[in-house]
Amino acid sequence: MAIKNMFTKQKPKKIKYATIPSEAAKQDVPEGIMQKCPKCKKIMYTKELEKNLHVCLGCGYHYPLKAHERIKILLDEGSFRELDAGLSTANPLEFPGYEEKIEADRKKTGLNEAIVTGVGTIDGYPSAFAFMDSSFRMGSMGSVVGEKITRAVEEAIRLQIPFIIFTASGGARMQEGVLSLMQMAKTGAAFKRMSDRGGLIISVMTHPTTGGVSASFASLGDFNFAEPGALIGFAGRRIIEQTIREKLPEDFQTAEFLLQCGQLDAVLHRSEMKEKLSFLLDIHQTGGGER
Amino acid sequence: MTGLEFEKPVRDLQEKIAELKSFTSTSDLDLSDEIEKLELRLKKLEDDIYNSMTPWDRVQMARHPNRPTTLDYIPCLFENFFELHGDRAYGDDAAIVAGIAKYHGQPVTVIGHQRGRDTKENIQRTFGMPHPEGYRKALRLMKQAEKFNRPIVCLIDTKGAYPGKAAEERGQSEAIARNIFEMAGLSVPIICIVIGEGGSGGALALGVGDRLFMLENSTYSVISPEGAAALLWKDAGLAKRAAETMKITAPDLRSLGIVDEIIPEVRGGAHRDAKKQAELIDAVLQPAMKELQKTEHAALVDQRYEKYKRIGGYAEQTTGLKD
Numbered sequence: 000m001a002i003k004n005m006f007t008k009q010k011p012k013k014i015k016y017a018t019i020p021s022e023a024a025k026q027d028v029p030e031g032i033m034q035k036c037p038k039c040k041k042i043m044y045t046k047e048l049e050k051n052l053h054v055c056l057g058c059g060y061h062y063p064l065k066a067h068e069r070i071k072i073l074l075d076e077g078s079f080r081e082l083d084a085g086l087s088t089a090n091p092l093e094f095p096g097y098e099e100k101i102e103a104d105r106k107k108t109g110l111n112e113a114i115v116t117g118v119g120t121i122d123g124y125p126s127a128f129a130f131m132d133s134s135f136r137m138g139s140m141g142s143v144v145g146e147k148i149t150r151a152v153e154e155a156i157r158l159q160i161p162f163i164i165f166t167a168s169g170g171a172r173m174q175e176g177v178l179s180l181m182q183m184a185k186t187g188a189a190f191k192r193m194s195d196r197g198g199l200i201i202s203v204m205t206h207p208t209t210g211g212v213s214a215s216f217a218s219l220g221d222f223n224f225a226e227p228g229a230l231i232g233f234a235g236r237r238i239i240e241q242t243i244r245e246k247l248p249e250d251f252q253t254a255e256f257l258l259q260c261g262q263l264d265a266v267l268h269r270s271e272m273k274e275k276l277s278f279l280l281d282i283h284q285t286g287g288g289e290r
Numbered sequence: 000m001t002g003l004e005f006e007k008p009v010r011d012l013q014e015k016i017a018e019l020k021s022f023t024s025t026s027d028l029d030l031s032d033e034i035e036k037l038e039l040r041l042k043k044l045e046d047d048i049y050n051s052m053t054p055w056d057r058v059q060m061a062r063h064p065n066r067p068t069t070l071d072y073i074p075c076l077f078e079n080f081f082e083l084h085g086d087r088a089y090g091d092d093a094a095i096v097a098g099i100a101k102y103h104g105q106p107v108t109v110i111g112h113q114r115g116r117d118t119k120e121n122i123q124r125t126f127g128m129p130h131p132e133g134y135r136k137a138l139r140l141m142k143q144a145e146k147f148n149r150p151i152v153c154l155i156d157t158k159g160a161y162p163g164k165a166a167e168e169r170g171q172s173e174a175i176a177r178n179i180f181e182m183a184g185l186s187v188p189i190i191c192i193v194i195g196e197g198g199s200g201g202a203l204a205l206g207v208g209d210r211l212f213m214l215e216n217s218t219y220s221v222i223s224p225e226g227a228a229a230l231l232w233k234d235a236g237l238a239k240r241a242a243e244t245m246k247i248t249a250p251d252l253r254s255l256g257i258v259d260e261i262i263p264e265v266r267g268g269a270h271r272d273a274k275k276q277a278e279l280i281d282a283v284l285q286p287a288m289k290e291l292q293k294t295e296h297a298a299l300v301d302q303r304y305e306k307y308k309r310i311g312g313y314a315e316q317t318t319g320l321k322d
């Protein structure tokens, strides 16, 4: 927002009932006019927050993004073509109560599963994409997530374009048991196949990326990035604390901590994400093809 | 000998028979008719009990303290095992043993998780739960196997990768992911056998291959039954129910199309006779090895890809959106 507009634009918006959340906001869909940062408690206009790419204007906290929000802020307008939207969850282990949980999350999020895949462009450079969405079953990976990633990678190989994935996941989906575990092998094998053919793969880990997702494709990019403050790790904090019987430091398993441990190429602020990805797509233009 | 809960009737009867036997040998009374009858009954009882094991019984069996480990099987299955150490970057993880050996006269690389066989050894081997350097040692030796065109045999037996601070700092996730990625592309045959517990990503990091076999009473799962129960129903005490719901036994994984073949166990469990069990493993391993060695290297990698591509259960509608 331009400074000269700052006061004039907001002045007429002195709305007293602004903080009363709508019905939808109560169900975890932020649609209120104002937002309070969960970290520094700063109160901001939602519009302002959106303009700032859902990053707190006070402390820089990166709000989790829905798959479609990320597509909107990252890709060239109208360039996204979704793949495999018709893939949906079955209940392969006949796990009690699983279908109901999936149905509830479908209604809540408007998504079919915890991931959206497709092809699109950034500054005109084409790429295949996968955007995980933690609002659906914690972004957990079951058969559909594994299959959609694998197919998107296959599409990238076919079109000889790069593959970029934004991860956000609590790990493997318990209700699909060992089938979820095997999606780690399936996606890993697809990444290997693409890599052997010279394709460029970029992984951006967002909050949270843990368990079976961090221990498979999320860690397998030619470039592994993370958003600031994202929780990234294999085992859960509580389990580690119980095992080693000591308290872990506050910043343990954050993106910044992992960067220091040498586990990431860079931590990228959301405001520089598009520019950096665009640069990588530019200098790897010869990549993504059959060698 | 440590017995399991569900085996108690068998144990009781065995004790009774032993009692009668010692009585017969020390007194004038001849009870051999009686003993013969009881022994027949024992056989029937064993049939009943071991043929109707519940998933939870199998979990107990897979965790049996005397269950043979990688180092118990290696001398029975292979000749001239030569253990090799270290990941060349950080250290040597005793939770994974690896080396070269001969299998029916032919060079192979053997890698396996290694639990301790007593408390002291368990501490040294972190209960068979590897750190990143363990997985990196395994990968280094798998790459070596590929260079010299040696098939790889992996024996899986772990509760999972070690959940520790140092493990996270050194990249537990990356180490597991890297092994999965590289194993998918190795141009030599890889045969994986679950001999005890196959715990989550920590098992899968030695588990991507051309064939996956499971011992009859081994398990393979995304999380331990206790962990699943705690997570799903907030009660670790429901582990027994989780063991059934999560489908973690060899027959379950066979029906899900993940396991290629189940290796039968010695009656009463592999711990009853490790040598005999090794023979049962050999009977499945050798034909698989022969078959895979006939396959061309490039075809091997493609077939492996297709094998994993098929795994999963989902529904698909054609939307007409895809061109």
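Heads up: the sequence lines are chains A and B, in that order.
Under numbering that gives the first Met the number 0, the first residue of the first sequence carries the number 0, and numbering increases by one thereafter.
Under numbering that gives the first Met the number 0, the first residue of the second sequence carries the number 0, and numbering increases by one thereafter.
In this text, a Cβ means the ideal position worked out from N, Cα and C, and glycines have one as well.
- In this structure, the CA atom of L70/B is about 13 Å from the CA atom of E78/B.
- Looking at the DSSP output, G111/B bridges to V96/B, L154/B.
- Close to chain A, meaning a Cβ-Cβ distance shorter than 7 Å, are the following residues of the stretch 159-178 of chain B: A160, P162, G163, K164, E167, E168, G170, Q171, S172, E173, I175, A176.
- With fewer than 16 other Cβ atoms inside 10 Å of its own Cβ, G104/B counts as exposed.
- Fully contained in the stretch 152-205 of chain A are the following alpha helix (DSSP H) runs of length 4 or more, in chain order: 176-195.
- Using a CB distance cut-off of 8 Å, K233/B does not count as an interface residue toward chain A.
- Uninterrupted alpha helix (DSSP H) stretches at least 4 residues long and entirely within the stretch 26-72 of chain A occur at 45-50, given in chain order.
- Here L258/A carries a helix assignment [DSSP, helix/strand/coil].
- Taking 8 Å as the cut-off, the Cβ atoms of Q262/A and G170/B count as close.
- Pairing G119/A with F165/A gives a Cβ-Cβ distance that is not under 8 Å.
- For F81/B, there is no enclosing alpha helix (DSSP H); the residue is part of the beta strand (DSSP E) that begins and ends at 78-82.
- In the three-state scheme derived from DSSP, where H, G and I count as helix and E and B as strand, Y89/B is classed as coil.
- By the criterion of a C-beta distance shorter than 7 Å, I179/B is surrounded in its chain by L203, A204, V207, once the five residues flanking it on both sides are discounted.
- Under the three-state reduction of DSSP, N223/A is assigned to strand.
- As summarised for the stretch 106-157 of chain A, the continuous beta strand (DSSP E) elements at least 3 residues long and confined to that stretch are 114-121, 124-131, given in chain order.
- The beta carbon of R196/A does not come within 8 Å of any beta carbon belonging to chain B, so the residue lies off that interface.
- Under the 10 Å beta carbon count, L28/B is surrounded by fewer than 16 other beta carbons and is classified as exposed.
- The C-beta of Y89/B comes no closer than 8 Å to any C-beta of chain A.
- By the Cβ rule, the stretch 112-129 of chain A does not count as touching the stretch 51-64 of chain A, because fewer than three pairs are nearer than 8 Å.
- Contact note: S218/A reaches chain B through S172, E173, A176, using a C-beta cutoff of 7 Å and chain order.
- In this structure, DSSP gives F233/A a state outside helix and strand, which the three-state scheme calls coil.
- In this structure, L255/B lies away from Y219/B, with their beta-carbon atoms at least 8 Å apart.
- Note that the stretch 275-288 of chain B touches the stretch 173-192 of chain B; at least 3 beta-carbon pairs, one per stretch, sit closer than 8 Å.
- Here the alpha carbons of P91/A and V258/B stand approximately 16 Å from one another.
- The beta carbon of E243/B sits no closer than 8 Å to any beta carbon of chain A.
- In terms of beta-carbon proximity, E18/B stays away from the interface with chain A, with every pair separated by 8 Å or more.
- Under a 10 Å Cβ-count criterion, K43/B is classified as exposed, with fewer than 16 other Cβ atoms of the shown protein chains found around its own Cβ.
- Taken in chain order, the members of the stretch 179-209 of chain A whose beta-carbon sits within less than 7 Å of a beta-carbon on chain B are S179, L180, M181, Q182, M183, A184, K185, G187, A188, F190, K191, R192, D195.
- Note: R80/A is bridge-paired with V118/A in the DSSP secondary-structure output.
- About 7 Å separates the Cβ atoms of I262/B and E215/B, confirming a contact at the 8 Å cut-off.
- In the three-state scheme derived from DSSP, where H, G and I count as helix and E and B as strand, S87/A is classed as strand.
- If you compare the alpha carbons of E68/A, V152/A, R236/A with that of D132/A, the shortest gap goes to E68/A.
- By the neighbour-count criterion, in which 16 or more other beta carbons inside 10 Å mark a residue as buried, D32/B falls on the exposed side.
- Of all residues in the stretch 131-161 of chain A, only S142, V143, G145, E146, T149 come within less than 7 Å of chain B when Cβ atoms are compared, listed by chain position.
- Around the Cβ of R40/B, a 10 Å sphere holds fewer than 16 other Cβ atoms; the residue is exposed.
- Considering only K308/B, S199/B, I122/B, A249/B, the residue with the shortest C-alpha distance to G226/B is S199/B.
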